[in-house]
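**Student:** Counting with our numbering, you get residues 7 to 365 for the letters of the sequence shown. Have a look at the structure that comes next, please.
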Amino acid sequence: MRATKIAILFIILFLSNLTYSTPIDSNTCIYFFYGNGCSHCAKIEPYLNELELKYENLEIQRFEIYSNRENASLLNKYFDSYNIPIDNRGIPVIFISNKHLLGNNEIEKNLEKEIIKNQGSACPVLKENAPKLSELSLLTIIGAAFVDSINPCAIAVLLILLGALIATGDKKRALKAGIAFTVSIYLAYFLFGLGLFSALQITGISFWFFKAIGLLAIIIGLANLKDFFWYGAGGFVMEVPRSWRPKLKSILSNVTSPFGAFLTGFIVCLFELPCTGGPYIVILGLLAEKMTLFDSIPLLGLYNLVFVLPLITLTLAIYFGFANTEKTNEWKEKNLRNLHLIAGIIMLVLGLAITTGLI
């Protein structure tokens, strides 16, 4: 009888020990992303502490995202890697093996099951899936670049430059200067794009920036439509500010060589960005949220090629005599409102597509 009682006592002690410390076969690693001040994150912390005591081989790596930009950027990469839609992202979130659990309720309900099911799983790794153009439509990039390219700013600047050079009687030098100027514009915008793209991802704000660019595109679209219906209303136009134009014309009129035109292109970008940078910033926001820098480089190259294509076409047309600066400038002024209408419609559609989650 005494032996039976001792045996029962040992069984009770054994079961009690299982309640507080259950071994798993080998080390199991999970990632936990949270934010200081997040109430739902705070609710889940005691539960995670209990699991760490219960499972001796469980390793929980914690990443705070509110005050740590690298952790915030890392979280966005995991969201992208696991193909988690924008509207299903948030914290607290746990990644284990090839799964994720979002929100304190889901974590409390399913985490322990996943730990047992995925015993011995290593720390979650980013999946190196090549981004698909379906995620960021090629048509979207080309459309935004087209809006950028027909902006009266860029066309007007090139016409001033070519007009000044052709007046000297040397068309060949005007051709070289036009090409040099266009190459300079291309490089300046491409480098600006790389810089802004990197800043968005390094600072970890690409997700929040992505949330805002849909509204930005709509505002740009409405501003262009305003210039179609009421040109100059509100005291501004979606072009180079009028107060800057005399200075810009003075700079361009002093260009006398292809090398000077190349250098001038970088300076001109400072004048053009306020009126041509909107569509570019929208595309950069989309790219930074959906793709890596390496994968986005060809798309940035394509965008800027479409952007400068009218400049190349105008330069060649004027050189070969198919057009001249006076008639081209007259055409631009005559169709100024129509250019704003086209830009406004495309940007408005793009903005609505972004805000509704279509792209």
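We treat Cβ as the ideally placed atom computed from N, Cα and C, and that holds for glycine. Since we're looking at a predicted model, the values are computed, not measured.
Once the 5 residues before and after S140 are set aside, which same chain residues still bring their CB inside 6 angstroms of it?
**Tutor:** In this prediction, S140 has a pLDDT of 47, which is less than 50 and means its spatial position is unreliable; what the coordinates show is noted afterwards. Taken in chain order, the list of residues that qualify is empty.
**Student:** If you drop the 5 nearest sequence neighbours on each side, which residues of the same chain put their C-beta closer than 7 angstroms to that of I289?
**Tutor:** So the list reads I147, A150, Y309, once near-sequence residues are dropped.
**Student:** Tell me whether the region 79–89 and the region 40–57 touch, counting them as touching only if at least three CB pairs, one residue from each stretch, are closer than 8 angstroms.
**Tutor:** Touching, no.
**Student:** Spell out the partners DSSP gives Q368 in its beta bridges.
**Tutor:** Within the shown structure, residues of the chain are numbered from 7 to 365, placing residue 368 beyond reach of any answer.
**Student:** Evaluate G307 with the Cβ neighbour count: other Cβ atoms within 10 Å of its Cβ, from every protein chain shown; 16 or more gives buried, anything less gives exposed.
**Tutor:** Looking at its Cβ environment, which holds fewer than 16 other Cβ atoms inside 10 Å, G307 is exposed.
**Student:** Let me know the alpha helix (DSSP H) ranges lying completely inside the region 320–350, each 4 residues or longer, listed in chain order.
**Tutor:** Counting whole runs of 4 or more residues, the region 320–350 contains the alpha helix (DSSP H) stretches 331–340.
**Student:** How is F242 classed by DSSP in three states: helix, strand or coil?
**Tutor:** In the structure shown, F242 sits in coil (DSSP, three-state: anything other than H, G, I, E or B).
**Student:** To which residues of the same chain is T361 closer than 8 angstroms at the C-beta, ignoring the five residues directly before and after it?
**Tutor:** Closer than 8 angstroms at Cβ, skipping near neighbours: G220, L221, I224.
**Student:** Are the Cβ atoms of P130 and H46 separated by less than 7 angstroms?
**Tutor:** In this structure, H46 does not lie closer than 7 angstroms to P130 by Cβ.
**Student:** Alpha carbons only, please: which of L107, I121, T188, I318 is nearest the one belonging to Y88?
**Tutor:** The option with the nearest alpha carbon to Y88 is L107.
**Student:** H346 to F242, Cα distance in whole Å?
**Tutor:** Between H346 and F242, the C-alpha separation is close to 13 angstroms.
**Student:** Does DSSP put L358 in a helix, in a strand, or in coil?
**Tutor:** If DSSP states are grouped into helix, strand and coil, L358 belongs with the helices.
**Student:** Given this structure, state the Cα-to-Cα distance separating L200 from S190, to the nearest angstrom.
**Tutor:** The straight-line gap from Cα to Cα measures roughly 15 angstroms.
**Student:** Is the Cβ-Cβ distance between N124 and I102 less than 7 angstroms?
**Tutor:** Result yes, Cβ atoms of N124 and I102 sit closer than 7 angstroms.
**Student:** Does the beta-carbon of Y61 have 16 or more other beta-carbons within 10 angstroms, so that it is buried, or is it exposed?
**Tutor:** The residue is buried, with at least 16 neighbouring Cβ atoms inside 10 Å.
**Student:** Which residue comes first and which comes last in the alpha helix (DSSP H) that contains L54?
**Tutor:** Residues 45–60.
**Student:** Once DSSP output is grouped into helix, strand and coil, what is the label at L132?
**Tutor:** Residue state, collapsed to three classes: coil.
**Student:** Would you mind working out which of I113, I226, A194 sits nearest G284, comparing C-alpha positions?
**Tutor:** It is I226 whose Cα lies nearest to the Cα of G284.
**Student:** So is I396 buried or exposed if we call it buried at 16+ other beta carbons inside 10 Å?
**Tutor:** Any question about residue 396 goes unanswered here, given that the chain covers just 7 to 365.
**Student:** Using the beta-carbon count (16 or more within 10 Å), is L356 buried or exposed?
**Tutor:** With 16 or more other Cβ atoms within 10 Å, it is buried.
**Student:** Please state whether DSSP places V261 in a helix, a strand or coil.
**Tutor:** V261 falls in the coil class under three-state DSSP.
**Student:** Quick check: A186 and P264, are their CB atoms within less than 7 angstroms of each other?
**Tutor:** Their beta carbons are under 7 angstroms apart, which means A186 touches P264 by this criterion.
**Student:** Determine the DSSP secondary structure at I148, reduced to helix, strand or coil.
**Tutor:** Helix, per DSSP.
**Student:** Drop a sphere of 10 angstroms on the beta-carbon of A42, count the other beta-carbons inside from all chains shown, and report buried for 16 or more, exposed for fewer.
**Tutor:** Going by the sequence as given, residue 42 is Asn instead of Ala. N42 should be labelled exposed.
**Student:** When you compare each of A229, F313, R179 to I156 by their alpha carbons, which one comes out closest?
**Tutor:** Selected option, being the one with the closest Cα: F313.
**Student:** Taking the C-alpha atoms as reference points, what is the distance between I71 and C44?
**Tutor:** Their Cα atoms are separated by approximately 10 angstroms.
**Student:** Straight-line CA distance for I351 to F203?
**Tutor:** Approximately 26 angstroms between the Cα atoms of the pair.
**Student:** Along the beta strand (DSSP E) that carries I102, what are the first and last residues, could you check?
**Tutor:** Note, I102: beta strand (DSSP E), 99–102.
**Student:** Expressed to the nearest angstrom, what Euclidean distance is found between the alpha-carbon atoms of L315 and N341?
**Tutor:** Taking the straight line from one Cα to the other gives about 19 angstroms.
**Student:** Please list the terminal residues of the continuous alpha helix (DSSP H) segment that includes R75.
**Tutor:** Element bounds for R75: 75–87.
**Student:** So, for A136: in the same chain, excluding its five sequence neighbours on each side, which residues have a beta-carbon less than 8 angstroms away from its beta-carbon?
**Tutor:** Low per-residue confidence applies at A136: pLDDT is 46, beneath 50, and the placement is therefore not dependable, though the value from the model is reported in the following sentence. Cβ neighbours of A136 beyond the five flanking positions: D301.
**Student:** Do I66 and F38 have their C-beta atoms within less than 7 angstroms of each other?
**Tutor:** Yes.
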